[in-house]
Each structure stands twice: as structure tokens, then as C-alpha cells.
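Residue numbers (our numbering): 3 to 104.
As C-alpha cells, then:
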């Protein structure tokens with residue numbers, strides 16, 4: 003086996019778990035963001051949303067801001083999923099057979 007292929011396989015096998023955890027974390031954060039926006043709009047005062055340190059977000063903007071944040075997280079997670087698919091494809095693709103000349 004080629005040393006370059008071995009090193010590449012090793013690095014891809016380390017990359018896949020890291021990207022998987024990132025993907026799941028982004029999807030979970032998107033879900034939590036939507037739930038927090040809805041709960042804050044309903045009246046849960048324990049959930050705080052702020053734009054900057056000391057500047058609280060108005061309650062009427064909780065759902066739109068949480069939807070924008072969750073949309074950004076979801077779009078980012080799609081790129082991470084594409085990277086995971088690329089790593090799987092390169093890791094488990096069969097070795098190219100040597101070319102035969104006629």
C-alpha cells in the first residue's frame with residue numbers, strides 16, 4: 003500500500019468523527035434556537051436574548067432572530083455534511099486498478 007494513501011486514510015479517519023460532532027452540534031443548536039425564541043415569545047423570562055453585552059433583544063423580535071440564527075446554523079451544517087460525505091467517499095473508495103495498455 004502506498005504511504006500517501008495510508009496517511010490520507012489516517013487523516014480522513016480522524017476527520018470524520020470531528021465533523022460528525024460538529025454537524026450534530028450545529029443541528030442541535032439550530033433546534034434549541036427555535037425553541038428558545040418560541041418560549042421567550044410565550045413569556046418565559048428565564049430565557050435571555052441579547053444583541054450585545056447589555057443590549058437585550060425585544061421580545062417581539064425573538065422568533066425572527068432565532069429563525070435567522072437557526073437558518074444560518076442549518077446552512078452551515080449542510081456544508082459540514084458535504085465535507086463528511088466527501089471524506090467517506092475518499093476513505094472507502096476502492097483503489098484504482100492500474101491502467102492496462104493494449
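Quick reminder that beta carbons are idealized off the backbone N, C-alpha and C, glycines included.
To the nearest angstrom, how far is it from the Cα of residue i to the Cα of residue j?
i, j, result
"residue 9", "residue 32", "35 Å"
"residue 25", "residue 16", "15 Å"
"residue 28", "residue 47", "25 Å"
"residue 36", "residue 13", "35 Å"
Which of the three DSSP states is assigned to residue i in this structure?
i, result
"residue 9", "helix"
"residue 101", "Unreliable placement is indicated for residue 101, whose pLDDT of 49 sits below 50; the coordinate value is still reported in the next sentence. Here residue 101 sits in coil by DSSP."
"residue 92", "helix"
"residue 2", "Any answer about residue 2 is impossible in this case: the structure gives the chain only from 3 up to 104."
In the DSSP assignment, what residue or residues form a beta bridge with residue i?
i, result
"residue 35", "Residue 35 pairs with nothing; no bridge assigned."
"residue 57", "54"
Leaving out five residues on either side along the sequence, give the residues of the same chain with a beta carbon under 6 Å from the beta carbon of residue i.
i, result
"residue 75", "28, 31, 32"
Cβ pair count under 8 Å reaching 3, the region 61 to 71 against the region 35 to 50: yes
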